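J.:
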Amino acid sequence: MAFVNLDGHRIRYELVGPKNGIPLIFLNGLTQAAHLWGAYVPFFAEHGYRVLTFDMLGQGESDKPLLSAGFDRHAAIMSKLLDKLGLDKPFVAGISYGGAVALRYAILYPDQLRGLVVMGAFSELDGRLKWIGENLYVGLACVGTEYLQNLFMAYNFSSNWLEKNETIIPVLRRRGYNLNDQYALQNLMEAASTSPSFSHELPAIKVPTIIINGEYDYITPRKLHYIILKGIRNSRLVVVQHACHAFTLEYPEITSRLIHDFALKVGNNAWEGDQTIWVANDDPKGEPLYLPVLGDPLRAIQPAPIAEQRAAPGKAPKPRAKKTGDKHVS
Numbered sequence: 024m025a026f027v028n029l030d031g032h033r034i035r036y037e038l039v040g041p042k043n044g045i046p047l048i049f050l051n052g053l054t055q056a057a058h059l060w061g062a063y064v065p066f067f068a069e070h071g072y073r074v075l076t077f078d079m080l081g082q083g084e085s086d087k088p089l090l091s092a093g094f095d096r097h098a099a100i101m102s103k104l105l106d107k108l109g110l111d112k113p114f115v116a117g118i119s120y121g122g123a124v125a126l127r128y129a130i131l132y133p134d135q136l137r138g139l140v141v142m143g144a145f146s147e148l149d150g151r152l153k154w155i156g157e158n159l160y161v162g163l164a165c166v167g168t169e170y171l172q173n174l175f176m177a178y179n180f181s182s183n184w185l186e187k188n189e190t191i192i193p194v195l196r197r198r199g200y201n202l203n204d205q206y207a208l209q210n211l212m213e214a215a216s217t218s219p220s221f222s223h224e225l226p227a228i229k230v231p232t233i234i235i236n237g238e239y240d241y242i243t244p245r246k247l248h249y250i251i252l253k254g255i256r257n258s259r260l261v262v263v264q265h266a267c268h269a270f271t272l273e274y275p276e277i278t279s280r281l282i283h284d285f286a287l288k289v290g291n292n293a294w295e296g297d298q299t300i301w302v303a304n305d306d307p308k309g310e311p312l313y314l315p316v317l318g319d320p321l322r323a324i325q326p327a328p329i330a331e332q333r334a335a336p337g338k339a340p341k342p343r344a345k346k347t348g349d350k351h352v353s
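Residues in the sequence shown are numbered from 24 upward in steps of one, following my numbering.
1. For L263 versus Y274, is the C-beta distance shorter than 7 Å?
2. Does the beta-carbon of N158 have 16 or more other beta-carbons within 10 angstroms, so that it is buried, or is it exposed?
3. Under a three-way DSSP split, which group does S258 fall into?
4. Would you mind reading off the limits of the beta strand (DSSP E) that contains V302?
5. Could you name the residues that DSSP lists as bridge partners for N291?
6. Run through DSSP, which three-state label would Y239 get?
7. By how many angstroms is the C-alpha of R245 removed from the C-alpha of R280?
8. Give me whichever residues DSSP pairs with I192 in a beta bridge.
9. Select from E169, M212, N257, P328 the residue whose C-alpha is nearest the C-alpha of Y120.
10. By the three-class DSSP mapping on this structure, what secondary structure does E37 have?
11. For M142, write down the residues that DSSP places opposite it in a beta bridge.
12. Roughly how many angstroms separate the alpha carbons of D297 and F145, rounded to a whole number?
13. Relative to the C-alpha of P88, which residue among R259, Y239, G31 is closest?
14. Would you check if the distance between the CB atom of R259 and the CB atom of I233 is smaller than 7 Å?
15. Report the three-state DSSP secondary structure of R73 (helix, strand or coil).
16. If you draw a straight line from the alpha carbon of M24 to that of L110, how long is it in whole angstroms?
17. Alpha carbon to alpha carbon, what distance is there between V289 and E331?
18. Inspect the beta-carbon positions of L75 and L38 and report whether they are closer than 7 Å.
19. Would you call the segment 61–71 in contact with the segment 118–132, where contact means no fewer than 3 C-beta pairs closer than 8 Å?
20. Considering only residues of the same chain and omitting the five flanking positions on each side of Y313, which have a CB-CB separation below 6 Å?
21. Indicate whether V141 and L50 have their beta-carbon atoms separated by less than 7 Å.
22. What is the residue span of the beta strand (DSSP E) that L50 lies within?
23. Would A56 and G81 qualify as a contact pair, given that the criterion is a beta-carbon distance under 7 Å?
24. Look up Y313 in the DSSP assignment and say whether it is helix, strand or coil.
25. With respect to the beta strand (DSSP E) encompassing L29, which residues constitute its N-terminal and C-terminal limits?
26. Kindly indicate which residue of F77, R73, A62 has the alpha-carbon position closest to the one of F26.
27. Taking the alpha helix (DSSP H) that I100 belongs to, which residues open and close that run?
28. Considering only residues of the same chain and omitting the five flanking positions on each side of G358, which have a CB-CB separation below 7 Å?
29. Would you grab the beta carbon distance between L29 and K103 for me? Rounded to a whole angstrom, and I think it's under 8 Å.
30. Which residues does DSSP pair with V263 in a beta bridge?
31. Report the option in E276, K187, L321, S218 whose CA atom is closest to the CA atom of A303.
32. Here's a check: name, in chain order, each residue in its chain whose Cβ is nearer than 7 Å to the Cβ of D95, leaving out the five neighbours to either side.
33. H32 bridges to which residues according to DSSP?
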């Protein structure tokens, strides 16, 4: 763990891996901190990457200024941090709030990265996400950080994960309370809620991009990732089966493999950014890594086709020919 002063603020960071390794940066989501990438740092360092994690302004152990810090300010601080540490052309990976920062970084500093990993993110607030954000903000302001943390537990994880980890959840929540400041979180949420849509700027992103979404992501559903997919030509969308919003924590092995495979393909000039949608193999070691999508990938459930009954109507029978001797009946 180390600290650096940037723009008059102290930023906490950690840099691990060989000095000559390709830089890879991870950006965390709201209420999170850099230590939550703990399953990723050793994996990618062992594979030769120079891995950088840091607490964004207002989060974790970095300074928490009184004024709001928007996506562009986070991107600017990250650019200065990379320059300070001598890291050139990194892969930038971000989830949720950090995913939005990663997108803004790719738009504002297009020559300062080699690839982009966008996870559980958004480039605009649709009506539903706006309502979710407003209610989370009210809960934070009126009740406090503990209440917000509890809400996020239900939004972020599957029932299966919550049931399996029931005994350690209180420890995770307490650590979250200690690292988060209520007013700093309010500032970050206010900045996010007032951030204008930047979907129209997505075509400016030219670097290879993989977009990853949880199958049951309640906060940032497939629709928002589809907007990003259609905005970035050199991109693919991969859906993690059974996952909710915080799939980086619930499915670290699958997510690590997706990111590693992406980085290898970019390095070998084998990445196919064809704006297609795929499903990740739910076996972390299974082959193939991607599976095709059947049906409409934007639907949660798809009805079976109804058999069409469009046979031509029957023709009226021809009049029966009269036989000789038939009597006429009037």
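All residues carry an ideal CB built from backbone N, CA and C; glycine is no exception.
Remember, it's a predicted structure, so these values are computed and weren't measured experimentally.
T.: Taking the definition as stated:
1. The question names Leu, yet the displayed sequence has Val at residue 263. Result yes, Cβ atoms of V263 and Y274 sit closer than 7 Å.
2. So N158 ends up on the exposed side.
3. strand
4. Counting along the chain, the beta strand (DSSP E) containing V302 begins and ends at 300–303.
5. Answer by DSSP bridge pairing: none, since N291 is not bridged.
6. coil
7. 21 Å
8. According to DSSP, I192 bridges with nothing at all.
9. M212
10. strand
11. I118, I235
12. 20 Å
13. Checking every option, the nearest Cα to that of P88 belongs to G31.
14. yes
15. strand
16. 17 Å
17. Low per-residue confidence applies at E331: pLDDT is 49, beneath 50, and the placement is therefore not dependable, though the value from the model is reported in the following sentence. Near 47 Å, if we compare the C-alpha coordinates of V289 and E331.
18. yes
19. no
20. W301
21. no
22. 45–50
23. no
24. strand
25. If you look at L29, you'll find it in the beta strand (DSSP E) that goes 25–29.
26. F77
27. 94–108
28. Because the chain in this structure spans residues 24 to 353, residue 358 falls outside the shown range and cannot be described.
29. 5 Å
30. Its beta-bridge partners are G237.
31. The residue with the shortest Cα to Cα distance from A303 is E276.
32. R127, L131
33. Paired residue(s): L29.
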